[in-house]
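Residues 699 to 804 in the working numbering are what the sequence shown spells out, letter by letter.
To start, the structure under review is shown below, and the notes come after it.
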Amino acid sequence: MIFVIGGKKQGKTEFVNKNFQGKKVINKFHEIMRFEIKKGKDVDTIVNEAIDNADVIICDEIGCGIVPMDPFERIWREETGRAMCILAAKADFVYRLYSGIAVRIK
């Protein structure tokens with residue numbers, strides 16, 4: 699599995715479309731996390747389902763910046779960070795995008 703991370707609008711989707719054509723892709727994994735957490739799913743289940751259904755997983759980094767005041771937003775941010783750690787550990791390759799430039803970090 700290939701895991702692609704970076705800030706919002708940093709070129710993750712374009713990078714994947716250019717370099718991993720024909721692969722099964724999950725985009726906006728952070729939004730999937732939000733939806734599934736609201737349904738009561740745990741992090742391990744969400745991560746395992748994603749890994750089972752994709753060759754490439756794209757996720758925004760949402761843990762930087764000001765800590766949200768809203769309790770659910772804090773939970774979502776924390777759980778997404780945990781999921782990203784698991785995905786990075788299980789991935790064959792991890793890429794971080796900076797201003798459209800991909801850096802392989804694993």
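Quick reminder that beta carbons are idealized off the backbone N, C-alpha and C, glycines included.
In this text, all values refer to a predicted model and were calculated from it rather than measured experimentally.
Name the DSSP beta bridge partners of residue i, please?
| i | result |
| --- | --- |
| residue 794 | 703 and 801 |
| residue 757 | 703 |
What residue does the alpha helix (DSSP H) around residue i start on, and which one ends it?
| i | result |
| --- | --- |
| residue 773 | 769-788 |
| residue 710 | 710-717 |
| residue 751 | 741-751 |
Here's the rule: buried if 16 or more other CB atoms are within 10 angstroms of the residue's CB, otherwise exposed. What is residue i?
| i | result |
| --- | --- |
| residue 765 | exposed |
| residue 762 | exposed |
| residue 807 | There is no way to answer for residue 807, as the model of the chain reaches only from 699 to 804. |
| residue 758 | buried |
| residue 712 | exposed |
| residue 772 | exposed |
Three or more beta-carbon pairs under 8 Å between the region 727-738 and the region 792-800, yes or no? Because the criterion of three Cβ pairs below 8 Å is not met, the region 727-738 and the region 792-800 do not touch.
Segment contact, 8 Å Cβ cut-off, at least three pairs: the region 744-757 with the region 768-784: Result yes; three or more Cβ-Cβ pairs closer than 8 Å.
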